[in-house]
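Read through the structure below, which is laid out as structure tokens, and then see the notes.
Protein chains: 2
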Amino acid sequence: MTETPHPLYAKHADTLARALTAIAERGYWSAYPESPSPRIYGETAAAEGEAAFRSYLGGDFPLDQPGAGDRVATEASPFGVDLGVSYPHAAADELIAATAAALPAWRDAGPQTRLGVCLEILARLHANIFELANAVQFTSGQAFVMAFQAGGAHALDRALEALAYAYAEMTRHPGTADWEKPAGKGDPLRMTKTFHVVPRGVALVIGCNTFPTWNSYPGLFASLATGNPVIVKPHPRAVLPLAVTVKYAREVLAEAGFDPNLLVLAPEAAGEGLASTLATRPEVKIVDFTGSTEYGDWLEANARQAAVYTEKAGVNTVIVDSTGDFAGLCRNLGFSLTLYSGQMCTTPQNILVPAEGISTDQGHKSFDEVAAGIAGAVGKITADPARGVELTGAIVNDGVLTRLDEAAGVGDVVLPSREVTHPAHPGAVVRTPTIIKLGADRAETYGREWFGPISFVIATDSTAHSLQIFRDTVGERGALTAAVYSTEEKVLDAAEAAAVDVGVHLSCNLTGGVFVNQSAAFSDFHASGANPAANAALTDGAYVANRFRIVQSRRHH
Amino acid sequence: MTETPHPLYAKHADTLARALTAIAERGYWSAYPESPSPRIYGETAAAEGEAAFRSYLGGDFPLDQPGAGDRVATEASPFGVDLGVSYPHAAADELIAATAAALPAWRDAGPQTRLGVCLEILARLHANIFELANAVQFTSGQAFVMAFQAGGAHALDRALEALAYAYAEMTRHPGTADWEKPAGKGDPLRMTKTFHVVPRGVALVIGCNTFPTWNSYPGLFASLATGNPVIVKPHPRAVLPLAVTVKYAREVLAEAGFDPNLLVLAPEAAGEGLASTLATRPEVKIVDFTGSTEYGDWLEANARQAAVYTEKAGVNTVIVDSTGDFAGLCRNLGFSLTLYSGQMCTTPQNILVPAEGISTDQGHKSFDEVAAGIAGAVGKITADPARGVELTGAIVNDGVLTRLDEAAGVGDVVLPSREVTHPAHPGAVVRTPTIIKLGADRAETYGREWFGPISFVIATDSTAHSLQIFRDTVGERGALTAAVYSTEEKVLDAAEAAAVDVGVHLSCNLTGGVFVNQSAAFSDFHASGANPAANAALTDGAYVANRFRIVQSRRHH
């Protein structure tokens, strides 16, 4: 059990050191360039990545895992591309037996070796980032640049962030310590103490449809680095990004001399309920989940043998009080609503505006003018289909379309959703955002999540009333993001106080190139764990500390 | 919400800094002298502390708390002393309303101020350590020196340890950070980010009968320091030590300008079930508990709105393979069994010895000779009643006596338990330990906890068999401690590997002044959270990290 670090630790020690600094400072840092430019990634990377992606289509995905030999193919691309990838399918027993058997050697290798191997996995994934981006794009419906950024570079940054916290937490105590207690006139009592970092058991990651890598990587790498083998259960409609991830990770694990079954893919057949089967197995001690409130709550209630980390639905809210840059407010919010057609868990839904209007740098703006301003910004961004689709991407599934239809009838439509024909992918299902006016008394409508390109501009009695609605809805339903616009310091402070009370992250007066639905790894926390939308944050100490235990031995010396 | 540290922070900054060093090094350190000597505490401290204790007897305990005005008196001293202290009794609603109202100002005071106030509370308790020790002695049945050490100095050390972790965890991120992201040829994006530490809500600490302070302080101070008001629900038979604690803490809180209802005592009437009522209230977000497996499991299953930290029953095990100091082995184990009449959650219960005997520095010792050697050591330590009672203390409750009666019939009694008349307290219920031989096939008997002065010497086929029994019983029932005696490095390593697998702390070849049932704050972890005996450790990062969240706001600058 003595740790001699694998050479991969030394190879990546500088990256780890920089990441450890970043999580202690929480300023700006990124390890993986977010621009897919050939100047950064080389002239051939994009084409090679796309070719690698295409090579998987219509065939058996190459993953040599334990299992009975049957295969499943459950994906349907929002872009209308025929994916037809089939994945090896195994039973829960097989997956758990294989992963559990891989645990002891990985545990005994120690934190430094595990970090070296995990960092090499990130490097391998980064070397194949275009392949990953294509897989994310065509399963999630994200436009390419977003898939490259959120699904590639930013996902890798979030993974590295989780690795840094895991390493910091595992090494906050020394591996051994000498203890010497004075004993009056006699010899002191002397002992050598050894502190073993031991994993909790098998970990399960349950992926989502919209952000298959970004939302899965933090839990996956936090669990793996702390010694837990990981079973990755992808969303049935977004298997490929995690299959690619598991494939490269298993290659690295094997090359480093470890059992590749430390990481296995668990794709499920339709209606199989594999996540529930796995999540409630006694061997499974950690579950990470992103998805519906209903299923997240089920996991919290039923996977009681495990530490369960959930990110669920919420009601993201914007409080508009006044602004010194009305055009910037409209542009900024318009962009936030349009990006990935509002299918981010961080997209604003409720925009609270006093019925009497607001004061701005352009003079007084009525409630309707504020709503029209935001709607106009969305309209402008999406006017040209060729450019618009590079922001909206495609609609991830039929549930969003049903909700769009329903939303059209609930209030006064300021901006209707439009169907757009994707110039490059005629089979893609593309919809622009809708914006709907509601009275403040319509809490039964705006008080729950309408996932997709659906936002409400809500007429309130005053900013104080807006703050009360904010407290009520976020307190009851949770939120991942909140924003406030005001020229008054005391309004900003009141919004911040309310945000602290209901436990949601707040962005103030965003009118430029930072958007409320974007969070930067190493600086912004994503979710807080302090309201019903999530029970944990990406990433803080609490997110990693419970993924392992310390077991001590002591001997006289 | 800007933090200007209270002057108490500066007053105690050196202590905090030293404690932070200690938790990072985990070598020897202690802040509170464990010797009750007048040379350390002054000539009058002992008498003054005893007088303060006696002043409470037969009267209304002075605690000005919210509540209806009725009182409860539920204690019965194991020493036969008539306590008769009555405590103010409040309903759950009153306690929760009062504590919840105290939260915002305490939260907004920030980590440094909270630490300063909490450290002042420890200083105040330390200034009254003899009073505390008397309260612990006469409610728990511990002998005075042990009550002073475990219930006073060591409890304060454990509290300080928890405070240091809490502070480290709250301050691992800066309060504010500047973020500047390059934006191509344009101006960089710039934001100032503020990271608020927010508590989870109201915390509940459920105390135990045997170690009312030692087991309660870590959770109490970890929760309080991270911003959560705390309701302390003492064991009905050990209220006074926590009443004294709450009294002094409330004085300090008020002196520092905070609402004393940040800490309230919740004594319960017989059969009231107040712990269950409080633990399942939606406002209660943290529960710390020490006690039975049955109730700990109930809390974990039912207090689902809260983070629940439990320490429960276990089967502490000693593996005897061989020794280079047979006399030391017997002395050391004999002392461990005798201390507080085996009523420590860390006392060894199962001593696994090969049926064919062991090799020692005194030549081969048969199984019976090993059993007799340990029994002889206990007999010698307890031979003189006056000296014996200063180790055994008194029997905490009738449940232990019932178990002692039952144990006498389950196997071959090597050492019978004796009744002892306490020279100073004739009403005290004192029993010496019993040791019973069992075959390895008697797992239905030794495979569960027999809390009290009851130990089994179990004849195994071999040390390999002993290790298998160790894995089986600890894996199934858990343990807080384990020990191994062997002259063979490979046996020690095998025991350590088994201990890591089943997640229990191991002590090797203790033959001197360190005992398996004692753990030193700042160095030894108490419980691991990696086996069924506890779901958390005292104290590590995981113990504190989930007691608060970070809520962020960001503004352009």
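From first to last, the protein sequence lines are chains A and B. Numbering-wise, the first sequence is residues 1 to 557 according to the working numbering. Numbering-wise, the second sequence is residues 558 to 1114 according to the working numbering. Heads up, the beta-carbon is just placed ideally off N, CA and C, and yes, glycines get one too.
Between B:PRO983 and the set B:GLY626, B:ALA1051 and B:PRO635, the nearest pair of CA atoms involves B:PRO635. For B:ILE938, the closest alpha carbon among the candidates B:VAL803, B:CYS887, B:ARG628 and B:ALA579 is that of B:CYS887.
In this structure, the straight-line span from the alpha carbon of B:SER587 to that of A:VAL396 is close to 59 Å.
B:ALA929 and B:GLU1001 have their alpha carbons spaced roughly 24 Å apart. Taking C-beta atoms as the reference points, A:VAL484 and A:ILE319 count as a pair closer than 8 Å.
B:ASP1029 does not reach chain A, its nearest Cβ partner there being about 16 Å away, counting only Cβ pairs nearer than 7 Å.
When 7 Å is used as the limit between beta carbons, A:ILE550 is near these residues of chain B: PHE1082, SER1085, ALA1094 and ASP1097, in chain order. Rounded to whole angstroms, the separation of the alpha carbons of A:SER553 and A:PHE451 is 51 Å. Annotated as distal: A:THR290 and A:THR481, with beta-carbon spacing of 8 Å or more. When the Cα atoms are used, A:GLY529 and B:VAL809 turn out to be separated by approximately 31 Å. Put simply, the backbone Cα of A:ILE23 is about 23 Å away from that of A:GLU496. Nearest in C-alpha terms to B:GLN900, of all of B:ALA700, B:PRO668 and B:GLN669, is B:ALA700. Using a C-beta cut-off of 8 Å, the stretch 967-986 of chain B makes no contact with the stretch 1019-1039 of chain B, since fewer than three inter-stretch Cβ pairs fall below that distance. Where B:THR949 is concerned, the enclosing alpha helix (DSSP H) starts and stops at 942-949. Residue contact check for A:PHE451 against chain B: no CB pair falls below 8 Å.
Using a 10 angstroms sphere on the CB of B:SER1019, the tally of other CB atoms stays under 16, which defines it as exposed. Ranking B:TYR566, B:GLY758, B:GLU947 and B:ALA964 by CA distance to the CA of B:VAL977 puts B:GLU947 first.
In summary, the residues of the stretch 732-749 of chain B whose CB is separated from some CB of chain A by less than 7 Å are ALA734, ASP735, TRP736, GLU737, LYS738, ALA740, LEU746 and MET748, in the order they occur in the chain. In the assembly as shown, A:GLN362 is an exposed residue. Its beta-carbon has fewer than 16 other beta-carbons within 10 Å. Only those residues of the stretch 196-227 of chain A whose C-beta falls short of 7 Å from the nearest C-beta of chain B are listed: HIS196 and VAL198.
Contact of B:LEU620 with chain A is not assigned, every C-beta pair being separated by 8 Å or more. In this structure the stretch 862-870 of chain B does not lie against the stretch 909-924 of chain B, because fewer than three pairs of beta carbons, one per stretch, are closer than 8 Å. B:GLU963 carries a helical assignment under DSSP once its states are collapsed to helix, strand and coil.
Under the 10 Å beta carbon count, B:ALA1093 is surrounded by 16 or more other beta carbons and is classified as buried. Annotation: the stretch 1018-1080 of chain B contains the following complete segments of the alpha helix (DSSP H) (minimum length 4 residues), in chain order: 1020-1034 and 1046-1059. Taking a cut-off of 8 Å for Cβ pairs, the stretch 631-650 of chain B and the stretch 807-827 of chain B touch, as three or more such pairs fall below it. Cα atoms of B:VAL935 and A:ALA222: separation of roughly 48 Å, rounded to the nearest angstrom.
Taking a C-beta distance under 8 Å as the contact criterion, B:HIS646 and B:GLY624 qualify as a contact pair. Here A:GLU369 is buried: its Cβ has 16 or more other Cβ atoms, across all protein chains shown, within 10 Å. Where A:THR338 is concerned, there is no enclosing beta strand (DSSP E), although the alpha helix (DSSP H) around it starts and stops at 326-338. Ranked by how close their Cα comes to the Cα of A:ALA17, the residues A:LEU438, A:ALA166 and A:ALA98 have A:ALA166 in first place. Residue-level contact by beta carbon holds for A:GLU169 and chain B, with a gap shorter than 8 Å. Cβ neighbours of A:ALA499 within its own chain (closer than 6 Å, five residues either side excluded): ALA482 and LEU506. Along the stretch 847-880 of chain B, the positions whose C-beta sits under 8 Å from a C-beta of chain A are GLU857, ALA858 and ARG861, read in chain order.
Straight through space, the alpha carbons of A:VAL544 and A:PHE522 are spaced by roughly 15 Å. Against chain A, the beta carbon of B:ASN1103 has neighbours under 8 Å at ALA542, ALA545 and ASN546, listed in chain order.
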